[in-house]
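Chains as they are written, first to last, in the numbering used here: chain A, 206 to 763; chain B, 1082 to 1393. This report concerns only the one structure given below.
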Amino acid sequence: MSDGALIYVRHQDKEENYLQAGHTLASWLTTTDHKRIAILYAFAITFFFFIGGLAVGLIRLELMSPGGDFLTDDAYNRLFTLHGIVMVWFFLVPSIPTTLGNFLLPMMIGAKDVAFPRLNLMSWYIFIIGACFAILSIFAGGVDTGWTFYTPFSTMFSKGDVIAAAAGVFIVGFSSIASGVNFITTVHMLRAPGMTWFRLPLFVWAMYATSIVMVLATPVLAMSLLLIIAERWLGMPIFNPANGGDPLLFQHLFWFYSHPAVYIMVLPAMGVVSEIFACFARRRVFGYAMMVYAMMAIAVIGFFVWGHHMFVAGQSQYANLVFSFLSFIVAVPSAIKVFNWTATLYRGQITFEAPMLYALGFLGLFTVGGLTGLFLASVPIDVHVTDTYFVVAHFHYIMVGGSVSAFFAGLHYWWPKITGRLYSEAWARFAAIVMFLGFNTTFMPQFIMGYGGMPRRYHVYPPEFQVWHVMSSVGALVLFVAYTLPLIYLTWSLFYGRKAGDNPWAATGLEWQTASPPPTHNFTELPQVTAPPYRYHPEHQAPDAERRQPETVQGGEP
Amino acid sequence: MTGAFPGDASIYAGEWDRFFAILIAISAIIVAAIFIVIVGFSIRYRRGSKAKRGMLPEVITNELELSWTAATAIAFIFMFWWVAMTQLKNIIPPEHPLEIHVLAKQWMWKVQQPNGVREIDELHAPVGRAVELIMTSQDVIHSLFLPALRLKKDVLPGRYTYLWFTANKPGIYHLFCSELCGTGHSRMTGRLVLMTPADYARWSAAQPGAEDLAAAGAKIFGSLGCSGCHAPSSSVHAPDLNGVFGHKVQLADGRTVTADEAYLRDSILLPQKDVVAGFEPIMPSFRGIVDDDDMVKLMAYLKSLPSKRDQP
């Protein structure tokens, strides 16, 4: 750790907070403050969340009737491709890491910023440049390959603007890599005195595991997208069998990134809810060490299961069995985490504020998503339900039921810290419940349709599936309301919300031991860490039924 | 359509459904158990409740954690073993199946019956007999999905993939393309028509264009001049093709391959790729000359050639 990082200036009067550090647009666009960059990212991903949501709104509207009479075939294909590309690379992958991660990771380890603040700002600009390419591809006519870009369709046959979209995703990948490098370095180099590895909050461990996957997997995606551009633009024979290429090679490369990418999307969610369960059950996280090992195991084993996306692709049956086995194995640490979160509630002093409701929603939906993952890891089951709505339902349970619920949980939990204001608790609880119900209404029928053999990416479909599609579309409408509500009441709270105080939840993490909103350098003095995380109660003794005060906070300014 | 929601037209489909139902039941039990525990804890240990808190029991230790980790791992490995056993049975292709060729193209399924009858977006097959689909694509990756049989397999350009089934319930079922293949993907659908063997025989005899695929292949073999070199009487030194299908071939570079559809196709279109040991690489490529329909017939002809070992 360089000495420079340790210099904190003590102010006699209250230091101005990070929001007051500059009010001009230029002050935001040139900031190197990790908290302000997190806000910049939040604006960008919120924009994309609603773009992707708009696309799927049109899709669900179309699927209300089986005849495909509202959109053309090509428009439909372009909309679900847009939905997939935007939601995966411009919302889910960056969602928690670049907003909550960026904002909180340095604060949680007692640092005044990330290790490379300028690289951090640069990663946002790279994200925006990549996003421009993606938007360009939409306005240039769209892409019809699905977010998976399967060859040789994407390279030789698609009429869409594949090159611009692939370039956008390629560029955005560098933003992921930059964030990953930044977080890894920050955790290694900038932990405050006393913040040992096994005192790191689980959210920090989750970001660390995610960052490793980002840095190792994203280059493979970059490579495969470059190969697509090379074949489509320059005519180099790579994937097209007519020129001696290998059509399956792309799928291997793509899923070698895209399966670990699932863990890029879900590991941060696991980190978020670990913080929240501990805080609102007033309990130490059950099996802290095991939680850490489980996350690292998921990050590592996640690299060896990509072949389960290719059980019917023409891969060897024996390879299928190996990938099936590894997929069952990677489910073990996830199951352990579910047990540990549940056990964390045992003998707690549980309250049900909005973050806790969102986190409980995560737990239920993630469990369903995980269990259906076991179905898909079973080769014969997968043969029938792969590329049907069963798979669509499964991964939405993980990524939307899991990751997006956790994102909202985290957003509500840290909102008072980020903005200094409290939102309307009643509205927030209402939105959490509506989101849970709307989600299940949308996606549970899709499991049933999938079993019935309804293929995904179908614009026109046999009429016997209509009833399930209508249910799903009604659910989607409810979800739309549930996702719009926070936009309204959170915005409202910025102007009219009560002042939150520094630590409204009486939480133990370092980020709560400073002002809300935090000062520009997070702490006025270098914090000292004196305890492991989650000391809500004495070691062998459960928390009191009423008293909120934790046994000890993790540390603070001396 | 009767029975299960997607229809079940084979014994395998019934087995599959039972297996699926067991997984659903296990999952439902797990979800219910977790739900009950979470809701139970939430109520019992809500703030201000009178539930016993105090000193934590000794059982909350590493042993508890290790034991449920081990239990989960064993349960998952057992599930894998069970699934794998079900799966392994079906890895082995049936003997002497009825071979039906399937050619996928944007956005159409072209089917060719063993007797040469062609169909578009329909696949007629008899029940009670093993059927093997030999599939390839002319353009992008498609996927043949037969929900009533719980089967699906991607159809790739430049390669052959195989799907086999023995159906047991005559009827008309869905046939879908389940890999995104462009504009008309959702319209690349058709009908799987399963018939009793008698109906199937009657149907296929009544279709126009019925010809013996192998005989048609023999004609092409002659007209393209293949027989000029490959006939036993030829003066050109070329491999004898009698009985080549399904047998091992020694290549000039030392590899040994089995002469399957993919190998024969490559040897016709890309003859320099796998040169048979002991022969000069003099064969010209037939790329652009032999189209996919002709290829089906040539394959049938080559397969029909008797092996010397089989001859008395």
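For glycine and all other residues, C-beta sits at the position ideal for the given N, C-alpha and C.
Contact annotation for A:G346 against chain B: no contact, minimum CB-CB distance about 13 Å [criterion: below 8 Å]. In the three-state DSSP reduction, A:Q718 falls in the helix class (H, G or I). Under the DSSP definition of a beta bridge, B:E1213 partners with B:E1180, B:W1245. As DSSP reads the structure, A:P585 sits in no beta bridge.
In the DSSP annotation of this structure, the continuous segment of the beta strand (DSSP E) that includes B:S1224 starts and ends at 1223-1227. By the neighbour-count criterion, in which a residue is buried when 16 or more other Cβ atoms sit within 10 angstroms of its Cβ, A:T423 is buried.
The C-beta separation of A:W410 from A:V497 comes to about 5 Å, placing the pair in contact by the 8 Å criterion. For B:D1374, the enclosing alpha helix (DSSP H) starts and ends at 1373-1385. When rounded, the separation of the alpha-carbon atoms in A:A486 and A:W710 is 11 Å.
By the C-beta density criterion, A:M515 is buried, having at least 16 other C-beta atoms within 10 angstroms. Those residues of the region 1239-1253 of chain B placed with their C-beta closer than 7 Å to a C-beta in chain A are G1239, R1240, T1242, ordered along the chain.
For B:W1188, no beta strand (DSSP E) run applies, since DSSP gives it neither H nor E. Here DSSP, grouped into helix, strand and coil, assigns B:L1322 to coil. Taking the C-beta atoms as reference points, B:L1350 is found nearer than 8 Å to B:S1366.
Pairing B:H1182 with B:M1216, the inter-Cα distance amounts to about 6 Å.
The CB of A:Y666 comes closer than 8 Å to the CB of S1267 in chain B, given here in chain order. The beta carbons of A:T549 and A:A483 sit closer together than 8 Å. For A:I555, the C-beta contacts it makes with chain B under 8 Å involve F1122, S1123, Y1126, R1127, R1128, in order along the chain. Within 10 angstroms of the beta-carbon of A:T277 lie fewer than 16 other beta-carbons, which makes it exposed.
For A:V377, the uninterrupted alpha helix (DSSP H) segment begins and ends at 367-394. Residue range 594-601 is occupied by the alpha helix (DSSP H) that includes A:H601.
For the region 1218-1241 of chain B, the set of residues with a beta-carbon nearer than 7 Å to any beta-carbon of chain A comprises D1220, V1221, I1222, S1224, F1226, P1228, R1231, L1232, K1233, K1234, D1235, L1237, P1238, G1239, R1240, in chain order. Annotated as proximal: A:V597 and A:Q651, with beta-carbon spacing under 8 Å. For B:I1172, the neighbours in chain A by C-beta distance under 7 Å run, in chain order, Q522.
In this structure, the straight-line span from the alpha carbon of A:H601 to that of A:H457 is close to 22 Å. Taken atom to atom, the span from the alpha-carbon of B:D1373 to that of B:A1333 is near 28 Å. Cβ-Cβ distances below 6 Å link A:P322 to T237 in the same chain, with the five nearest sequence neighbours on each side left out; the list follows chain order. For B:W1284, not one C-beta of chain A is nearer than 8 Å to its own C-beta. With respect to chain B, the C-beta atom of A:R437 has no partner C-beta closer than 8 Å. In the DSSP assignment, B:P1207 falls within the beta strand (DSSP E) that extends over 1203-1207.
Interface flag for B:H1205 against chain A is unset, since no Cβ pair is found closer than 8 Å. The residues H617, E630, A633, R634, A637, in chain order, have a CB closer than 7 Å to that of A:A559 in the same chain once the five nearest residues on each side in sequence are set aside.
Between A:R265 and the set A:V543, A:Q754, A:Y701, A:S677, the nearest pair of CA atoms involves A:S677. Not one beta carbon of chain A lies nearer than 8 Å to the beta carbon of B:V1338. Listed in chain order, the positions of the region 1142-1169 of chain B with a beta carbon within less than 7 Å of a beta carbon of chain A are E1146, W1149, T1150, T1153, A1154, F1157, I1158, M1160, F1161, V1164, A1165, T1167, Q1168.
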